[in-house]
Every structure is written in C-alpha cells, then in structure tokens.
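Input: a single structure, listed below in structure tokens.
Protein chains in written order, with the working numbering: chain E, -9 to 268; chain Y, -9 to 268.
Set out below in structure tokens:
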C-alpha cells in the first residue's frame, strides 16, 4: 500500500498530517488525518484513538475544530480521523446530505449502487488499522469515538468488535438508527428493506445483547435540535440498564449539536480513553 | 444601533454568539462574534480581548479553530471577533484574495473606490467597542490580538491608541507592511502612492517611535512559508530594541502559518492578556 503525505502542521509539539492512499476495500482513493503526539518522536508504542465524524464531514472537521491535539499531546495518544465515506467521481452518490458521499453510516452496503464502494465497516475494522499500525510508531491498543453518525459508527464498531477496542465514546450519537429518519433512510439504501439486517448496526440493539463489554462514555447536548427525532439516547440508556452495560452517559443542558459542544468536553473523553489505553 | 443575534452555541460553560448590525462607519451590515465566558452570567465587568483575523477570514475562523474558549472561560475574559473587512454587494472588491473584501488591512482608506466603506480603523477603535460596551456585561478594559494581517492590525491599533488597550499580542504579524508585497499592494490601493502615509500603519515604524508603551507579545512559526517575504519580524525586533519597547517575541521552530500554530500557543496569549486585564 502506498501512502502519500499531502500536508503536515506542527501542533502542540506533535504533528497533524494528512495522507491519501488507494483503498483496496473501498476501490477508491481515500484521505485520512493523523495526529502524532510529541511522544511519538521517541516511542514506537503510542495507542490510537480513531475518530469517526458526522454527516457531511471529512477528516478535517474534528482536527480543526475540536481542540483534541492539546489533550492527545498531554496524554501521549495518537488520533486518526478517516473520511466519512468513499469519495470520487466514480463513487455512487445522492443529492441529499444524508446519503452517499459524506454519509456512509459506517456499514458494508449490500445493495446496488452502493455495494461496490460503501464498505466502510471493513475499511475501518481491518484495512485502515493495518495501514496505521504498519506505518506509524503506534501500538495495537485502539479506542474509538465519534460524533452523531460517527457516534453511531464508534458504538457499533466497538460493540461488534469488543476484542479490538479498549474503550468507546460518542458525542450525540444516532443511538437507535433503526427508529429514526436518518438511520431508516440510510439503512434502506445500504442494507435493503429487511429491517432485521439493520439491527446488526443499531447501537441500542447491540448494547442490549452484548456479552463482552467495552467501557463506553456518551455525552449529549440537552439543547441539540436533533435530540428527540434523530438521536434517541433514552433507547441506549434502556439497553444499557437491561444488560448492566458499563455506559457512562450524561446530558448537558444548553449544549447543541455543534463542534462547540465537542470542544467543551473533548478533554474528558481523552482522559476516559487514557484510562483504558495507557 | 440595532443588533440582531443570529446564532448561539454554548461553549465551555459560556456562550459563543454571532450578531449582525448596520455599521454607520462602514455603511454596510457587519457581522461579529462574541464569546461570553461563564463569569458573564453574574458579573457585568468582564474585560474584552478583540481578535483581528488574517486575509480571507471572517468572524468564524478564530472562534472555530483556535480553542480560545477554554482559556477565556478559565480566566473570565470575553472575546470579540469582528469581520476582516466591510462586506456586501455594494462594497468595493477585487478578484485577488489580498485586496478588498476579507483584506481590509484595518486602515481608513483615503482612495476611491475603497474610501466609502473601508474605514475599519475607525470601526474597530470607536464604533465596535461602543457597541460592545453598551450591549454586553463587559468593562472598558480592552486588549487586542490578531494573526497575520490581523497581527498587523492589532499591533498598529494598540501602538496608535495606547490609552485604549491594556495589552497587545500577535501571531505571525505582517510586521513591516511598507516593505512587503502584501502591505505594499494594500497600502497603495487604500492609502495611495505617498509612502509617507503608509508609515502611520506600519508596526515596525510605530514601535520604533512609540512613547507610551502597551505591553506586547508576538509569536512566530519558524517554518512559516510567509516568514521571509511577507512577515519580517526581524524589523519589529530591531525597532523594539532601538526604542527599549517591552516586546516579548519568540520564534517557534517547525510551526507554520496555520491555526494549528495559533491553537498551540493561544493559552499563553490569554494568560499574557489576563496579567494586564484582570
């Protein structure tokens, strides 16, 4: 696999870098960003937090707006931010912001025209970590986090792969996609009309049935415009209670769905992951 | 004056808000952002740091990318980020990124077609602080900071108005605009061909002649692509030495001209201003 480094910015004593590579899983060129903390200069054993962004984002939004570098540098954790979908002229797309490019929902699509490129689940679970771990001075200790659609992605990837992730956290996740408009639209397109197949990618369903627990932290803004119709954290809470799942979830009055909310609480998420990664 | 609140995001316990108003100085509608720290809920005496952004920016870049809210909240300082120029269909503009809208250089233009709207110096020194201080729970203690073109703006506004600002800081300022391509292009357009008029807006010239000192802090990335041709901090250093001006300036190896650099050192700037504001 050939990586091309396309940008580098020194940040909090470490380095933010962007790379492109040809993905064999997604059949297109992909871009990702990595933040290597200052400790990576003298240590080949840095744990990695993968960050999955929300609808319409790329690898850039979180790296530019969350302020994560300050805390990753202090704790010695690398951050990897992949793109939110396959991209390019030959990749299926849709005019709406919540389907197609920028809106993969982090599943393996089974339905045409999506099934050729939209294999983000496999890309994130297998191809990307292999690439990261064979290229950068990092360990195989992984955590995963995300926002909104990426919060859904982080929770479902961790719940389906408890042996691969030390911890999982989410801001404002789409917690019960089988039962909200965003999830129903995407799952119908990518996975088809058989709703039983959707449950394998629904965090609330997976948390209710989980046998191996990955410690989980969720933060949600109380003034989030999408809270009631799209996000449904109460379903995730009910699943955690029913299964005695170790979920630390908090609703923060006044906070919305934006990166201002994420930035306000990203330190707590990094410290949570550090407890399990370090 | 009528202010319209167009956005509000809770951030680090305080509020980031955007407002529009009709500027009588600039003869157009202007937008600005303000961060009110949590202390503003119970205190009507919050000092204000004004932030001037660089070429092509609006009020949003600094608020979204610098991480300033964390430190403003901890210290109890309000942040005001104005736009970088007058805006709108009726406002003179140029196709290039370094002249016209987004590139005011924070002067009062004397030359047509710029002189009707491009009166940013008066807007920033008089109209905007009056509006802020009559609307929000803030004191008249002011500091000013900026980046690149905004670093030039912050230094020149403070040097020309030492009675109005407690402290000034800059990231990667255009430190000697009379002697660099960006400055020469802008000053020719806005101020005309008489280069003696440019010196009243050149930080290096003003610092060399200053009689009343505003404490000043400057940080510059050593790997900044614009360092040699456009920024010229060495001229500012020579002026400070010649005039025994209290300038704390540091060059940081490896850092570039981006917001990743600003975010890495914004805490130190806030603490510097806090010493003089609080």
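Where a beta carbon is used, it is the ideal one built from N, C-alpha and C, also for glycine.
Taking CB atoms only, residue 136(Y) has no neighbour in chain E less than 9 angstroms away. Between the alpha carbons of residue 181(E) and residue 108(E) lies a gap of roughly 11 angstroms. Minimum Cα-Cα distance from residue 231(E) among the listed residues 194(E), 41(E) and 211(E) corresponds to 194(E). Counted as a single uninterrupted DSSP element, the beta strand (DSSP E) harbouring residue -6(Y) occupies residues -7 to 1. Taking 9 angstroms as the cut-off, the beta carbon of residue 53(Y) is found closer than this to the beta carbon of residue 59(Y). Interface with chain Y (9 angstroms Cβ-Cβ cutoff): residue 246(E) is included. Runs of the beta strand (DSSP E) lying entirely within the region -7 to 62 of chain Y, each at least 3 residues long, are -7 to 1, 4 to 13, 18 to 26 and 36 to 42 in chain order. Proximity of chain Y to residue 2(E) at the Cβ level (cut-off 8 angstroms) is accounted for by 253 and 254, in chain order. By the rule that beta-carbons nearer than 9 angstroms mark a contact, residue 64(E) does not touch chain Y. For residue 57(Y), the nearest beta carbon of chain E is closer than 9 angstroms to its own beta carbon. Note on the region 157 to 219 of chain E: whole beta strand (DSSP E) runs with a minimum of 3 residues are 157 to 161 and 206 to 211, in chain order.
Within 8 angstroms of the CB of residue 6(Y), the CB atoms of chain E belong to 250, in sequence order along the chain.
Interface residue (Cβ-Cβ distance to chain E less than 9 angstroms): residue 213(Y) is classified as such. Counting only residues of its own chain and dropping the five nearest sequence neighbours on each side, residue 26(Y) has a CB closer than 6 angstroms to the CB of 4, 5 and 68.
Taking a Cβ-Cβ threshold of 9 angstroms, none of the residues of chain Y is close to residue 240(E); the smallest such distance is about 14 angstroms. Under the Cβ criterion of 9 angstroms, residue -5(Y) is not counted among the residues facing chain E.
Between residue 126(Y) and residue 24(Y) the beta-carbon gap is near 7 angstroms, inside 8 angstroms, which marks them as a contact.
Using a CB distance cut-off of 9 angstroms, residue 60(E) counts as an interface residue toward chain Y. The region 163 to 172 of chain Y makes contact with the region 193 to 211 of chain Y; the number of CB pairs closer than 8 angstroms reaches 3 or more. Against chain E, a Cβ distance below 7 angstroms from residue 98(Y) picks out nothing, because the smallest value is about 33 angstroms. Among the CB atoms of chain Y, one or more fall inside 9 angstroms of the CB of residue 54(E). With a contact defined as Cβ atoms closer than 8 angstroms, residue 78(E) and residue 117(E) miss out at about 17 angstroms. Comparing alpha carbon positions, the residue from 110(E), 147(E), 139(E) and 55(E) closest to residue 17(E) is 110(E).
Residues of chain E with a Cβ closer than 7 angstroms to the Cβ of residue -1(Y) are, in chain order, 246, 248 and 250.
Around the beta carbon of residue 184(E), a 10 Å sphere encloses fewer than 16 other beta carbons of the protein chains shown; the residue is thus reported as exposed. Counting every other CB atom within 10 Å of its CB across the protein chains shown gives residue 223(E) a total of 16 or more, marking it as buried.
Out of 229(Y), 263(Y), 234(Y) and 207(Y), the CA that lies nearest to the CA of residue 241(Y) is found in 207(Y). Boundaries of the alpha helix (DSSP H) harbouring residue 140(E): 139 to 150, taken from the DSSP string.
Listed in chain order, the non-local C-beta contacts of residue 267(Y) below 6 angstroms within the same chain comprise 37, 131, 133 and 156, local neighbours out to five positions each way being set aside.
Following the DSSP letters along the chain, one finds residue 71(E) inside the beta strand (DSSP E) bounded by residues 68 to 72.
In the structure shown, the three-state DSSP call for residue 258(E) is helix. DSSP places residue 153(E) in the coil class of the three-state scheme, outside both helix and strand. For residue 77(E), no pairing in a beta bridge is given by DSSP. When rounded, the separation of the alpha-carbon atoms in residue 239(Y) and residue 135(E) is 38 angstroms.
Using a C-beta cut-off of 8 angstroms, the region 92 to 99 of chain E makes contact with the region 170 to 180 of chain E, since at least three inter-stretch Cβ pairs fall below that distance.
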